[in-house]
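Each residue of the sequence shown is one higher than the one before, counting from 573 in the working numbering.
Where is the CB? At the ideal position from N, CA and C, for every residue including glycine.
Here is the structure we will look at, set down as structure tokens.
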Amino acid sequence: MLVGFMPKERLILVFAIFIFVFSSCKNIHNTSRKTVNRAVRDSLVVMDENGILGSINAQIVKAPSHWNVEYRIIYLMPEGHFAHIGDTLVKFDPAPVQEQLDEARAQLALARQKLIQIQEENAMNLRNQLATIRAMRMQFRMDSARLADAIYESEAIQQDLKLQLKKSALDLKKAEKKLETQKIINNSKYHLQLVEIEHALGKVKSISRMLEEMSLIATQTGIAVYGNRRGTQIREGETVYPGQRVMQVADLGKMKAVLMINEVDRETITSGQKVRLIVNAYPDTVFTGTVHAISKIADLIKEDGTVKAYETDVYLDAGQNYRLKPGLSVRATIITDTLHNVFKIPEWCLKRQNGRWLVVSEQGEKIPVDPVRLNNGFVYVKGNLKDNMVLQN
573 MLVGFMPKER
583 LILVFAIFIF
593 VFSSCKNIHN
603 TSRKTVNRAV
613 RDSLVVMDEN
623 GILGSINAQI
633 VKAPSHWNVE
643 YRIIYLMPEG
653 HFAHIGDTLV
663 KFDPAPVQEQ
673 LDEARAQLAL
683 ARQKLIQIQE
693 ENAMNLRNQL
703 ATIRAMRMQF
713 RMDSARLADA
723 IYESEAIQQD
733 LKLQLKKSAL
743 DLKKAEKKLE
753 TQKIINNSKY
763 HLQLVEIEHA
773 LGKVKSISRM
783 LEEMSLIATQ
793 TGIAVYGNRR
803 GTQIREGETV
813 YPGQRVMQVA
823 DLGKMKAVLM
833 INEVDRETIT
843 SGQKVRLIVN
853 AYPDTVFTGT
863 VHAISKIADL
873 IKEDGTVKAY
883 ETDVYLDAGQ
893 NYRLKPGLSV
903 RATIITDTLH
913 NVFKIPEWCL
923 KRQNGRWLVV
933 SEQGEKIPVD
943 PVRLNNGFVY
953 VKGNLKDNMV
963 LQN
């Protein structure tokens with residue numbers, strides 16, 4: 573036997589296998605076509621979107637936003653742990669803040685000590701001024717007495733005594749005025765130091781509040797869930813920026829699905845529309861809900877960076893959230909409209925001949941139809957069709 577040739581029996585066997593495979597593929601193709609190319613009586617116009625689950629009533633836990641400090645996490649409540657009101661959720665390293673607090677308290681102590689010194693200096697200045705005034709008053713009385721006793725003295729002596737008395741009076745008046753000025757100066761120095769103390773005390777109180785906020789406390793009961801809107805998670809030892817989201821305490825009794833609606837589909841979505849949802853983790857169960865809120869501002873979709881989408885909240889109906897947790901991915905079917913007496917067909921089955929729209933049945937019959945709505949690769953039509961009728965391409 574020459575190399576490259578087969579026995580007759582083997583050649584017949586290979587040919588038979590080829591015919592069988594070709595026939596099977598054709599049957600599969602025909603079956604697939606029949607499955608896809610069908611006219612289905614369907615009155616619901618829907619739009620499919622993906623999203624993630626969230627909690628309607630959730631405490632969003634963020635690093636404080638009003639302090640310019642380093643927030644390094646030293647403790648996180650374990651994810652999945654059930655939190656009660658008052659439980660500690662997050663602890664940040666307090667050391668940098670404690671250093672600031674110690675320095676602020678030292679400044680407050682210095683300011684208070686300076687106030688004591690000012691009070692002592694003020695009191696001493698007043699005592700000195702009063703002593704000077706008492707001495708000048710004594711001098712004024714003595715000069716007055718000398719002038720009275722000099723009634724029989726010469727006119728020149730009396731004139732000198734009058735000048736001395738006048739000088740004593742002027743000196744006394746200056747000393748009394750200086751005393752009033754000193755009181756004003758003392759009062760100003762005292763109140764300026766009080767302002768400095770208030771400023772230092774306010775700084776101590778502010779940093780004390782900052783130190784208190786190094787621990788974030790649960791304000792509601794729920795399950796601890798890590799991660800933020802972009803799906804990243806924070807871990808112990810990491811540093812977060814002011815206002816950054818760290819975790820949430822989720823109430824599992826009331827859940828929602830967060831969808832991103834493409835800007836081209838935004839006009840078809842309104843509050844109150846019904847939604848069917850399948851959680852990818854539980855594909856055996858269909859959940860229901862209602863469109864509750866649509867963001868007024870579009871965000872760039874993370875995966876693409878050029879397409880804008882609107883964040884949309886779908887509230888799940890009550891009593892069906894027994895296994896749901898925030899962060900699970902979902903597939904949502906939004907019912908955007910309800911039509912009557914229509915069939916949904918693949919758009920490639922719709923044909924136009926002689927100015928009329930029609931479809932062709934599997935047997936070749938041309939059936940006139942009236943298109944009503946084009947949606948998501950399908951056309952809703954009215955016509956003499958039957959449910960599950962197979963159509964040609």
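Which listed residue (the options) has its alpha carbon closest to that of residue i
i       : options                            : result
Thr-842 : Pro-855, Leu-849, Val-851, Val-863 : Val-863
Pro-898 : Ile-756, Arg-684, Gln-685, Asp-823 : Asp-823
Val-617 : Asn-965, Ile-917, Gln-925, Trp-929 : Ile-917
Thr-905 : Arg-945, Ala-865, Ala-829          : Ala-829
Glu-810 : Ala-630, Ala-635, Leu-625          : Ala-635
Ala-966 : Tyr-813, Ala-728, Leu-733, Val-818 : The requested residue 966 does not occur in the structure, where the chain is confined to residues 573 to 965.
Arg-838 : Ser-787, Lys-880, Asp-743, Asn-852 : Lys-880
His-783 : Arg-903, Ile-850, Tyr-813, Pro-666 : Sequence inspection shows Leu at residue 783; the His mentioned does not correspond to that position. For Leu-783, the nearest C-alpha among the options comes from Pro-666.
Per-residue burial, residue i [other beta carbons within 10 Å of its own, 16 or more giving buried]
i       : result
Pro-650 : exposed
Arg-610 : buried
Phe-915 : buried
Lys-598 : Annotation note: pLDDT 44 at Lys-598 (below 50); position unreliable, coordinate value reported separately. Burial call: exposed.
Met-696 : exposed
Glu-621 : buried
Val-951 : buried
Ile-833 : buried
Ile-600 : Any reading at Ile-600 must be qualified, since the residue scores a pLDDT of 39, below 50, and its modelled position is unreliable; no value is offered.
Met-710 : exposed
Ser-604 : Here Ser-604 scores only 47 on pLDDT, less than 50, and its place in the model is too uncertain to base an answer on.
Gln-731 : exposed
Gln-925 : exposed
Ser-726 : exposed
Asp-942 : exposed
Tyr-813 : exposed
Val-971 : An answer regarding residue 971 cannot be provided, because it is not within the stretch 573 to 965 covered by the chain.
Phe-654 : exposed
Ala-790 : buried
Where residue i falls: helix, strand or coil (DSSP)
i       : result
Pro-918 : strand
Tyr-762 : helix
Gln-820 : strand
Lys-826 : coil
Gly-771 : According to the sequence as given, residue 771 is His; it is not Gly. DSSP places His-771 in helix when its eight states are reduced to three.
Asp-942 : strand
Gln-792 : coil
Glu-785 : coil
Asn-599 : Because Asn-599 carries a pLDDT of 45, less than 50, the predicted location of this residue cannot be relied on, and no value is offered for it.
Thr-857 : coil
Ser-867 : strand
Lys-663 : strand
Integer Cβ distance of residue i from residue j, believed to fall under 8 Å
i       : j       : result
Leu-737 : Asp-715 : 4 Å
Gly-955 : Glu-919 : Not really, about 15 Å apart at Cβ, beyond 8 Å.
Tyr-882 : Ile-866 : 6 Å
Gly-652 : Ala-796 : 7 Å
Residue i: CB within 7 Å of a non-hydrogen atom of the ligand SAM
i       : result
Gln-691 : Of ligands this structure carries none, so the ligand SAM is not represented either.
Three-pair Cβ contact test at 8 Å for the stretch 738 to 750 versus the stretch 668 to 679: Proximity of the stretch 738 to 750 to the stretch 668 to 679 falls short of the contact definition, fewer than three beta-carbon pairs being nearer than 8 Å.
Validate contact between the stretch 771 to 782 and the stretch 699 to 707 using beta carbons, cut 8 Å, 3 pairs: Touching, no.
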